[in-house]
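Laid out in structure tokens, this is it:
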């Protein structure tokens with residue numbers, strides 16, 4: 010019997026710091042592909058790479074930033090969280106350094122102070138994930 | 010381009026308690042299928058179920074125990090951790106109640122006090138996972 014499981018993705022809440030180590034806010038992307046809207050940067054894990062390596066690769070691909078992982082925030086796996094198919098998101102908090110630039114699936118990269126996050130514009134279950142991040 | 014990601018599995022470190030709430034030890038299984046050896050109970054997540062539901066289902070299927078999730082221990086994803094194919098394990102700590110019985114992929118169910126775990130008999134990266142559990 011062939012094994013079938015949900016897809017595995019990684020998402021990263023990037024805490025952006027400037028060159029003086031001042032916190033600038035978190036990095037969100039305006040998605041280029043459906044579902045359209047604002048999202049935490051992320052993407053699918055490739056066969057043969059660890060989730061930590063996938064996270065660093067995806068953050069670099071979508072935002073141009075090098076990141077350091079701070080902690081595992083959680084695993085988000087409700088079957089209806091992704092309207093396309095069942096995706097399990099392994100979500101990390103990380104620190105980013107440098108100047109973000111939109112690439113890959115990101116049409117635009119935006120920085121938000123925590124009190125300015127537009128929760129109603131977030132796709133997937135990213136509003137819930139960001140609330141978990143702020144509350145923990 | 011079709012999406013291909015590693016398989017997603019859940020594993021559970023079951024802290025077993027008796028009817029007086031005395032801690033009995035943790036539950037490990039002697040595997041029936043390759044790789045043979047001692048393992049933390051676990052299995053693959055099905056499409057359409059959350060990782061928490063998968064964890065409860067797998068613990069019941071392999072050990073006969075009902076479990077309550079205590080916390081997420083970590084996500085283990087080194088590509089070579091499973092000799093068969095790339096599997097990402099989402100590992101939880103949970104409490105189990107009742108009398109364990111071997112079912113499904115478990116040939117035998119065993120209870121170990123933490124100081125008696127035979128680390129050299131564990132398959133996959135379960136020795137590392139159990140060390141993380143004891144140290145955190």
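Chains as they are written, first to last, in our numbering: chain V, 10 to 145; chain X, 10 to 145.
Backbone N, C-alpha and C fix where the C-beta goes; we use that ideal spot for every residue, glycine too.
Remember, predicted model here, so these are calculated numbers, not experimental data.
Query	Result
Which residues in the same chain as residue 145 of chain X place their Cβ atom closer than 8 Å to its Cβ, once the five residues preceding and following it in sequence are excluded?	82
Skipping 5 residues on each side, what residues in its chain have a beta carbon closer than 7 Å to that of residue 78 of chain V?	61, 64, 101, 103
Mind pulling the chain X residues with CB within less than 8 Å of residue 14 of chain V?	16, 17, 18, 53, 54, 55, 56
Is there a C-beta anywhere in chain X that falls below 7 Å from the one on residue 59 of chain V?	yes
For the region 66 to 98 of chain V, which residues have a CB atom closer than 7 Å to at least one CB atom of chain X, in sequence order?	81, 83, 84, 86, 87, 88, 95, 97
So residue 49 of chain V packs on residue 20 of chain V, CB below 8 Å; how close in whole Å?	5 Å
Using the beta-carbon count (16 or more within 10 Å), is residue 71 of chain X buried or exposed?	buried
Apply the 10 Å Cβ neighbour rule to residue 23 of chain X and answer buried if 16 or more other Cβ atoms are within range, or exposed otherwise.	buried
Going by CA-CA distance only, name the one from V:18, V:38, V:12, V:13 that's closest to residue 111 of chain V.	V:38
Report buried or exposed for residue 129 of chain X, applying the criterion of at least 16 other Cβ atoms within 10 angstroms of its Cβ.	exposed
Report yes if the C-beta of residue 15 of chain X is less than 6 Å from at least one heavy atom of the ligand GDP; otherwise report no.	Looking at this structure, you won't find the ligand GDP or any other ligand, since it has none at all.
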